[in-house]
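If you read the sequence shown in this note's numbering, its first letter stands for residue 30, the second for the next number, and so on. The structure appears right after this line, and notes come after that.
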Amino acid sequence: MSVSPTPAARPRILSGIQPTSDTIHLGNYLGAVRQWAALQDEFEPFFFIANMHAITVEHDPKALRERSLRSVAQLLAAGVDPEKSAIFMQSHLPEHAQLAWVLQCLTGFGEARRMTQFKDKSAKLGEGNVGVGLFTYPMLMAADILLYRPAYVPVGEDQRQHLELTRDLAQRFNHRFKKTFRLPEPYIPQATAKIMDLQEPTAKMSKSASSPSGLIDVLDEPRATAKKIMSAVTDSGAEVVFDEEKKPGVSNLLTIYSALSGRSIPELEEQYAGRGYGDFKKDLAEVVVEFVTPFRDRTFALLEDRDHLDQVLARGAEKAGAVARATLRDVYDRVGFVPPVPVAQ
Ligand code: TYM
Numbered sequence: 030m031s032v033s034p035t036p037a038a039r040p041r042i043l044s045g046i047q048p049t050s051d052t053i054h055l056g057n058y059l060g061a062v063r064q065w066a067a068l069q070d071e072f073e074p075f076f077f078i079a080n081m082h083a084i085t086v087e088h089d090p091k092a093l094r095e096r097s098l099r100s101v102a103q104l105l106a107a108g109v110d111p112e113k114s115a116i117f118m119q120s121h122l123p124e125h126a127q128l129a130w131v132l133q134c135l136t137g138f139g140e141a142r143r144m145t146q147f148k149d150k151s152a153k154l155g156e157g158n159v160g161v162g163l164f165t166y167p168m169l170m171a172a173d174i175l176l177y178r179p180a181y182v183p184v185g186e187d188q189r190q191h192l193e194l195t196r197d198l199a200q201r202f203n204h205r206f207k208k209t210f211r212l213p214e215p216y217i218p219q220a221t222a223k224i225m226d227l228q229e230p231t232a233k234m235s236k237s238a239s240s241p242s243g244l245i246d247v248l249d250e251p252r253a254t255a256k257k258i259m260s261a262v263t264d265s266g267a268e269v270v271f272d273e274e275k276k277p278g279v280s281n282l283l284t285i286y287s288a289l290s291g292r293s294i295p296e297l298e299e300q301y302a303g304r305g306y307g308d309f310k311k312d313l314a315e316v317v318v319e320f321v322t323p324f325r326d327r328t329f330a331l332l333e334d335r336d337h338l339d340q341v342l343a344r345g346a347e348k349a350g351a352v353a354r355a356t357l358r359d360v361y362d363r364v365g366f367v368p369p370v371p372v373a374q
């Protein structure tokens with residue numbers, strides 16, 4: 030007989046999402062947020078809105094504030110439960126920036142330069158047009174993670190390199206000073222690790238996609254979403270078969286269908302054998318609409334009660350703050366910072 034573990038015995042998980050859009054997209058949901066909700070009982074969960082990462086590119090302050098709260102509402106709508114999970118805002122806990130500084134001092138310049146995200150964005154915008162924050166982004170992310178000493182970090186495939194750097198920095202710190210950090214493992218379920226763009230199925234679905242029609246924004250009008258599925262790129266064949274190399278478009282649609290319906294890919298292949306893409310897309314559009322409609326309704330209802338969202342964040346920051354402060358105290362001690370003492374009376 031299995032006995033459910035006591036809360037203290039549960040391994041910790043931690044993850045974050047940037048509030049850089051009015052709505053999460055289906056890649057964020059299937060690759061990350063849905064996992065977060067599913068893992069809450071088995072693990073001790075910490076989830077946060079990475080609003081400090083969101084200012085590494087040019088942004089509008091009003092939109093950032095609104096999107097940060099929308100992100101909280103969407104986590105709740107996805108089933109992340111504030112009774113089980115600490116849900117907090119990165120900027121509410123100064124320890125993230127404080128640990129990031131220490132980690133920046135341990136990171137090699139060349140090591141930071143090799144990070145794909147920095148390379149891609151600086152190549153796109155020109156090195157003169159990107160801030161140093163984009164360069165030190167991965168060290169802030171490492172701080173986000175290491176502060177909580179989690180066992181696992183549930184993310185999509187695109188975050189793997191950042192996790193590798195996080196592990197390297199943890200190991201370096203432990204080796205140079207004293208064992209302080211746990212080496213976190215990525216938690217990346219293969220099936221939904223990389224949801225692809227509907228128009229360009231060899232590229233990941235991303236908010237910076239070249240065309241909005243390739244992106245399923247979860248809070249969009251359900252009818253617009255159904256249309257995007259109907260016009261998704263497939264191939265010149267007619268068989269609904271999973272083959273990522275030869276049929277990336279159909280394979281991505283099968284992945285989405287299977288993830289949202291809970292039915293296996295072979296089962297779906299069998300159901301659509303000999304029926305062509307039209308029927309398949311029509312049914313998938315329905316499955317997606319059935320998911321997004323209540324998700325939107327829940328999110329918009331949650332956004333009506335800002336006080337509730339503020340309270341969720343206040344409780345989250347309290348829970349997370351206790352852990353973050355304890356870790357930072359250890360770190361400051363181990364690097365040799367003199368502790369502050371109160372003024373003598
Ligand atoms: P962000 O905001 O870009 O994405 C949030 C989560 O969604 C996943 N994801 C995807 N998964 C599958 N298919 C896709 N097409 C897809 N697109 C996005 C991402 O992998 C991510 O898990 N740097 C992070 C935020 C962050 C963070 C952290 C995460 C900051 N600090 C500490 C974990 C731990 C980011 O920009 O995620």
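Here a beta-carbon is modelled for each residue, glycine too, at the ideal position from N, C-alpha and C. Everything numeric in this text was worked out from a predicted model, so none of it was measured.
Taking C-beta atoms as the reference points, R196 and L212 count as a pair closer than 8 Å. Comparing alpha-carbon positions, the option among L331, C134, R143, E229 lying closest to L169 turns out to be C134. Distance from the C-beta of L194 to the nearest heavy atom of the ligand TYM is not below 7 Å.
DSSP places H125 in the helix class (H, G or I) of the three-state scheme.
In this structure, the alpha-carbon of P183 lies about 24 Å from that of Q127. For D51, the CB stays at least 7 Å from every heavy atom of the ligand TYM. Distance from the CA atom of P179 to the CA atom of L93, rounded to whole angstroms, is 27 Å. Straight across, the Cα-Cα distance linking L55 with L342 is about 24 Å.
About 7 Å separates the Cβ atoms of L244 and D226, confirming a contact at the 8 Å cut-off. Listed in chain order, the non-local C-beta contacts of P48 below 8 Å within the same chain comprise I78, A79, N80, A83, L93, R96, S97, R99, S100, local neighbours out to five positions each way being set aside. Set against 7 Å, the gap from the CB of D249 to the closest heavy atom of the ligand TYM is not smaller. One Cα belongs to I174, the other to V317, and the distance between them is close to 32 Å.
Taking the C-beta atoms as reference points, V262 is found no nearer than 8 Å to V269. When beta bridges are read from the DSSP output, K150 appears opposite no residue.
DSSP lists H54 as the beta-bridge partner residues of D246.
Cβ contact annotation for R358 (same chain, cutoff 6 Å, sequence separation greater than five): none. Non-local beta-carbon contacts of R39 in its own chain, meaning distances under 6 Å to residues more than five positions away in sequence, involve F72, E73 in chain order.
Annotation: the continuous alpha helix (DSSP H) that includes A330 extends over 305-332.
Secondary structure of D272 (DSSP, three-state): strand. Secondary structure in the region 131-183: the beta strand (DSSP E) runs of 3 residues or longer, each lying completely within the stretch, are 181-183 in chain order. Spatial neighbours of D264 in its own chain (CB-CB distance under 7 Å, excluding positions within 5 residues in sequence) are listed in chain order as K276, G278, V279. The ligand TYM approaches T221 closely enough that one of its heavy atoms is under 7 Å from the residue's Cβ. Per DSSP, R39 is not a residue of any alpha helix (DSSP H), being assigned neither H nor E. Here S293 is exposed: its Cβ has fewer than 16 other Cβ atoms, across all protein chains shown, within 10 Å.
Between T328 and A106, the gap from beta carbon to beta carbon is short of 8 Å. If you check the C-beta of K148 against the ligand TYM, you find no heavy atom less than 7 Å away. In the structure shown, Y301 adopts coil according to DSSP, grouped into three states.
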